[in-house]
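Mapping of the sequence shown onto the numbering used here: residues 199 to 525, in sequence order. Working notes, structure below.
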Amino acid sequence: MNNNNGAGMEKKAVKGEKLSFKCKIQDIPLTRKELKNLLHFHIPCLCCGMEMLHPDIYSNLLENHALYGNASDVISVLEPFEQIMHPVERQVFNMFKSMSVKYPNKNFKELLELKKDIHELALVKIQSIIFNKISFYRRILPKKTARQLRKLMIKTNDIIFDPQPHKPFSRRIFIHKLKNIIKNIENKKIKTEILEIARRLPRSSDEVCAFVVKNTRKRPEVIALNLIHPSVGTFEHLMPKCMNGMNNSLNFALECSYCNNSRHHYPISVQIEENPYMPQNAQIQAEKLISLSKKGLCKKEYIQNLKKVLQTLSDEIICLDISRLDA
Ligand SMILES: [Zn+2]
Numbered sequence: 199m200n201n202n203n204g205a206g207m208e209k210k211a212v213k214g215e216k217l218s219f220k221c222k223i224q225d226i227p228l229t230r231k232e233l234k235n236l237l238h239f240h241i242p243c244l245c246c247g248m249e250m251l252h253p254d255i256y257s258n259l260l261e262n263h264a265l266y267g268n269a270s271d272v273i274s275v276l277e278p279f280e281q282i283m284h285p286v287e288r289q290v291f292n293m294f295k296s297m298s299v300k301y302p303n304k305n306f307k308e309l310l311e312l313k314k315d316i317h318e319l320a321l322v323k324i325q326s327i328i329f330n331k332i333s334f335y336r337r338i339l340p341k342k343t344a345r346q347l348r349k350l351m352i353k354t355n356d357i358i359f360d361p362q363p364h365k366p367f368s369r370r371i372f373i374h375k376l377k378n379i380i381k382n383i384e385n386k387k388i389k390t391e392i393l394e395i396a397r398r399l400p401r402s403s404d405e406v407c408a409f410v411v412k413n414t415r416k417r418p419e420v421i422a423l424n425l426i427h428p429s430v431g432t433f434e435h436l437m438p439k440c441m442n443g444m445n446n447s448l449n450f451a452l453e454c455s456y457c458n459n460s461r462h463h464y465p466i467s468v469q470i471e472e473n474p475y476m477p478q479n480a481q482i483q484a485e486k487l488i489s490l491s492k493k494g495l496c497k498k499e500y501i502q503n504l505k506k507v508l509q510t511l512s513d514e515i516i517c518l519d520i521s522r523l524d525a
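Below you can see the structure in the form of structure tokens.
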């Protein structure tokens, strides 16, 4: 996860102003400022449905020196945000709360270090079960592919079974390499099966053990910010920037920083594969936006365009019902 993302939104905004001149100003339903302002109204993420935090509130946190202190000081700063924390982050926060009673003078990093070994073992256990399942496919894959898979699995096992690996295991890089290896397999069913198994590899967002292992390497104030960062609202480029997606609200959806970062430049259909509830969550966000538009806080045109773009880019998987907009 990129820790600079709260500020990243600002950076994107500055760069984007130049590009947005390609469109006529009157065609763009909301300015960046207007779209960002919507985040003051508890908007749920388009993809995961979790409530998002306004990026300015996060930026203020970045300047809060109490985050450098011991756990109990940091806990009192973060307490107001407990409700918007994602589930794993909230669990870790509660772990910090109970540990800080016993170790009042330790900071977040020192507390994680106390827990690291046990969580690392738990993580490796989950990972190795999944790697075993993937390795099984060597028996049924074409020879060349099986050889490549064997190589990848040996390298991966070397990383996860080494207590001090040169480079930590990355789920994202692993899945990317795996996709490359199996891309030419003709049997689509086997291909999907292998990827489905690989996607079960824990992310720091879905297993406390993965969060602890990843964050023990970070500085204490970064660990504190990582509890909040996934919830920060961002502009998701529905058509990725690298595919010439526009840099304005015609191409922006409000998404939490976690979902935005985990999509990278993949198509929305891939994002839905990883997040099967995305179509329902997108509908919940649309309902919220429609309610805001009834109060004059969001333009109708933004919602109508969002429906159109989502429908096209998701191969018609996301078909928002916005009939209430004109009711
Ligand atoms: Zn999300």
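Cβ atoms here follow ideal geometry from the backbone N, Cα and C, with glycine treated the same way.
- Going by beta carbons, His284 and Met248 fall inside the 8 Å limit.
- With 16 or more other Cβ atoms from the protein chains shown falling within 10 Å of its own Cβ, Leu376 counts as buried.
- Across the structure, Ala344 and Ile316 are spaced so that their CA atoms are roughly 33 Å apart.
- For Phe450, the three-state secondary structure derived from DSSP is strand.
- In the three-state reduction of the DSSP assignment, Phe433 falls in the strand class, which pools E and B.
- Met248 has its Cβ nearer than 7 Å to a heavy atom of ligand 1.
- Nearest to Asp519 by alpha-carbon distance, out of Asn378, Arg336, Ile501, is Ile501.
- A direct Cα-to-Cα measurement between Leu312 and Ser326 gives close to 23 Å.
- Where Pro340 is concerned, there is no enclosing alpha helix (DSSP H), because DSSP gives it neither an H nor an E.
- Pro363 and Lys349 have their C-alpha atoms some 17 Å from each other.
- About 6 Å separates the beta carbon of Arg401 from that of Ala408, a gap short enough to meet the 8 Å contact definition.
- The Cβ atoms of Leu236 and Cys440 do not sit closer than 8 Å to each other.
- Here the C-alpha atom of Arg370 lies approximately 36 Å from the C-alpha atom of Asn303.
- Comparing alpha-carbon positions, the option among Glu261, Leu436, Ile241 lying closest to Lys506 turns out to be Leu436.
- For Leu244, the three-state secondary structure derived from DSSP is coil.
- Assigned with DSSP and collapsed to three states, Leu495 falls in coil, not helix or strand.
- DSSP lists no bridge partner for Glu405.
- Here the alpha carbon of Lys314 sits roughly 38 Å from the alpha carbon of Lys234.
- Considered as a whole, the region 223-294 harbours 230-235, 253-260, 269-276 as its complete alpha helix (DSSP H) runs of no fewer than 4 residues, in chain order.
- Close CB contacts of Ile226 within its chain, under the 8 Å cut and outside five residues either way in sequence, are with Ser218, Asn446, Ser447, Leu448 (chain order).
- Where Asn378 is concerned, the enclosing alpha helix (DSSP H) starts and stops at 369-380.
- The straight-line gap separating the alpha-carbon atoms of Val411 and Arg397 is approximately 19 Å.
- Contact annotation, Ser467 with Ser512: C-beta distance approximately 6 Å; criterion of less than 8 Å satisfied.
- Take Lys341, set aside five residues on each side of it, and no residue of its chain has a beta-carbon closer than 7 Å to its own.
- Distance from the CA atom of Lys295 to the CA atom of Gln289, rounded to whole angstroms, is 10 Å.
- Here the alpha carbon of Ser403 sits roughly 23 Å from the alpha carbon of Gln481.
- Per DSSP, Asn303 lies in no alpha helix (DSSP H) segment and is marked neither H nor E.
- Assignment of Asp524 by DSSP, reduced to helix, strand and coil, places it in the helix class.
- Only residues of its own chain outside the window of five on either side were considered, and among them Ile241, Pro242 have a CB closer than 7 Å to the CB of Lys486, listed in chain order.
- Taking 7 Å as the cut-off, one finds at least one heavy atom of ligand 1 near enough to the beta carbon of Glu453.
- If you draw a straight line from the Cα of Ile395 to the Cα of Ile338, it comes to about 16 Å.
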